[in-house]
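Visitor: In our numbering, the protein residues as written are 7 to 189.
Handing you a structure now.
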């Protein structure tokens with residue numbers, strides 16, 4: 007759930023009656039369809055309480071390649087208000103350069119012909135993440151508190167249903183490091 011505001015700064019000759027600040031709200035969901043396929047939905051209510059409120063939806067399907075730094079996506083966006091309504095489609099590719107830096111390129115268009123829209127975009131994003139995961143050895147974890155059962159052969163190489171995670175080698179290294187800290 008997101009709450010924020012839309013700001014209209016400066017004199018806009020097309021919409022002079024718009025307030026400088028208008029509330030907006032969004033419900034965002036993300037579902038992992040498979041280990042590499044993710045469905046994202048956003049429902050947006052913008053310019054709440056103004057003369058021309060907007061309702062929007064965005065549905066995005068993203069697929070990660072075998073090299074998880076690369077992914078492709080398709081999106082559908084709908085916009086409905088008394089001033090402007092449209093349905094947009096876009097598709098693109100994204101690359102994760104580091105844990106926090108991503109670039110994407112996409113193209114899209116509208117199905118409406120008044121006016122028709124065709125567009126392309128290049129996007130850059132940087133994630134600021136202050137969260138630190140605490141890695142706990144399996145031996146130190148309590149039974150029944152860490153999710154569902156692990157299916158037989160779920161971590162074998164080539165199993166498409168296994169989630170990407172920490173390797174056994176890296177886990178052993180972290181366990182040794184944690185033991186050294188305790189001593």
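We treat Cβ as the ideally placed atom computed from N, Cα and C, and that holds for glycine.
1. For residue 75, count neighbouring Cβ atoms within 10 angstroms of its own Cβ and tell me buried if that reaches 16, exposed if not.
2. Identify which residue in 110, 119, 97 and 35 has its Cα closest to the Cα of residue 129.
3. Between the alpha carbons of residue 88 and residue 25, how many angstroms are there, rounded?
4. What three-state label does DSSP hand residue 178 in the structure shown?
5. Taking the beta strand (DSSP E) that residue 8 falls in, what are its first and last residues?
6. Give me the Cβ distance between residue 49 and residue 32, rounded to the nearest whole Å; I'm assuming they're in contact under 8 Å.
7. Name the two residues that bound the continuous beta strand (DSSP E) containing residue 30.
8. Given a threshold of 16 other Cβ atoms within 10 Å of its Cβ, counted over all protein chains shown, does residue 178 qualify as buried or as exposed?
9. Please classify residue 16 as buried or exposed, where buried requires at least 16 other C-beta atoms within 10 Å of its C-beta.
10. By how many angstroms is the C-alpha of residue 42 removed from the C-alpha of residue 167?
11. What does DSSP give as the partner residues of residue 93 in its beta bridges?
12. Could you tell me which of 107, 85, 113 and 92 sits nearest to residue 98, measuring between CA atoms?
13. Please state if the CB of residue 58 and the CB of residue 66 are separated by a distance shorter than 8 Å.
14. Which residue from 62, 137 and 69 puts its Cα closest to that of residue 40?
Guide: In short, the structure shows the following:
1. For the purposes of this step, residue 75 is identified with residue 69 of the chain shown, where counting begins at 1. Residue 75 is exposed by the Cβ-count criterion.
2. Here residue 129 is taken as the residue at index 123 of the chain shown, counted from 1. Answer by Cα proximity: 110.
3. Here residue 88 refers to the residue found at position 82 when the chain shown is read from its first residue. Here residue 25 refers to the residue found at position 19 when the chain shown is read from its first residue. Taking the straight line from one Cα to the other gives about 16 Å.
4. Here residue 178 refers to the residue found at position 172 of the chain shown. In the structure shown, residue 178 sits in a helix (DSSP, three-state: H, G or I).
5. Translated into the one-based positions of the chain shown, residue 8 becomes position 2. Residue 8 -> beta strand (DSSP E) spans 8 to 13.
6. Taking the first residue of the chain shown as 1, we reach residue 49 at position 43. Taking the first residue of the chain shown as 1, we reach residue 32 at position 26. Contact holds; Cβ gap of about 7 Å.
7. Within the chain shown, numbered from 1, the residue matching residue 30 stands at position 24. Looking at the DSSP string, the run of the beta strand (DSSP E) that includes residue 30 is 27 to 38.
8. In the chain shown, the residue the question calls residue 178 occupies position 172. Exposed: under 16 other Cβ atoms inside 10 Å.
9. Residue mapping note: residue 16 aligns to position 10 of the chain shown, counting from 1. Residue 16 comes out exposed.
10. Residue mapping note: residue 167 aligns to position 161 of the chain shown, counting from 1. Residue mapping note: residue 42 aligns to position 36 of the chain shown, counting from 1. Bear in mind that the predicted position of residue 167 carries a pLDDT of just 49, short of 50, making it unreliable; the figure below should be weighed with that in mind. If you take the alpha carbons of residue 167 and residue 42, they lie about 9 Å apart.
11. Position 87 of the chain shown, counted from the first residue, corresponds to residue 93. 84.
12. Within the chain shown, the letter at position 92 stands for residue 98. That would be 113, whose Cα lies nearest to the Cα of residue 98.
13. Position 60 of the chain shown, counting from 1, holds the residue named residue 66. Position 52 of the chain shown, counting from 1, holds the residue named residue 58. No, the pair does not count as a contact, with Cβ atoms beyond the cut-off.
14. Taking the chain shown and counting its residues from 1, one reaches residue 40 at position 34. Checking every option, the nearest Cα to that of residue 40 belongs to 69.
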